[in-house]
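In the numbering used here, the protein residues as written are 2 to 95. Backbone N, C-alpha and C define an ideal beta-carbon position, used for all residues, glycine too. On a predicted model such as this, the values are computed, not experimentally measured, just so you know. I have placed the structure first, in the form of structure tokens, so that the comments after it can refer back to it.
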Amino acid sequence: CASTCPEDAIRLVPRLALGPQAKEPVTLNEADPFDCVRCGKPFGTRQMVESMLGKLGGHSMFAGGTRRLQMCGDCRVVDMMDNKAEATIHDVPK
């Protein structure tokens, strides 16, 4: 998990707690879930989606399509199949 986390939110630190506090749950990080704009299913954190929109929102491949970045994987596929008229990677001249 630590090596694949895109936001470096997980770190492995060797430690050993032997006292009563070892049995108490501790919240290390808390984030608001982000719900799909189409079906409402939570699929990521608000911070992750906003970061992704900031990085990809101005990219030419997502021009006018940032709404799709706010959809879960299932709804994204359905949206791509419903919008057959939009340009695809196959339309780019070689």
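| Asked | Found |
| --- | --- |
| Neighbourhood of L57 by C-beta, 8 Å cutoff - its chain only, sequence neighbours within 5 removed | F63, T67 and L70 |
| Any alpha helix (DSSP H) of 4 or more consecutive residues that is wholly inside the stretch 3 to 61 | 47 to 57 |
| Cα-Cα separation, T28 to S61 | 39 Å |
| Same chain only: Cβ atoms within 6 Å of A32, ignoring 5 sequence neighbours per side | T46 and Q48 |
| Residue from G74, L13, A10 and P94 whose Cα sits closest to the Cα of R39 | G74 |
| M72 classed as buried or exposed, judged by whether at least 16 other C-beta atoms fall within 10 angstroms | buried |
| 7 Å Cβ shell around K42 - same chain, five flanking residues per side excluded | D36 and C73 |
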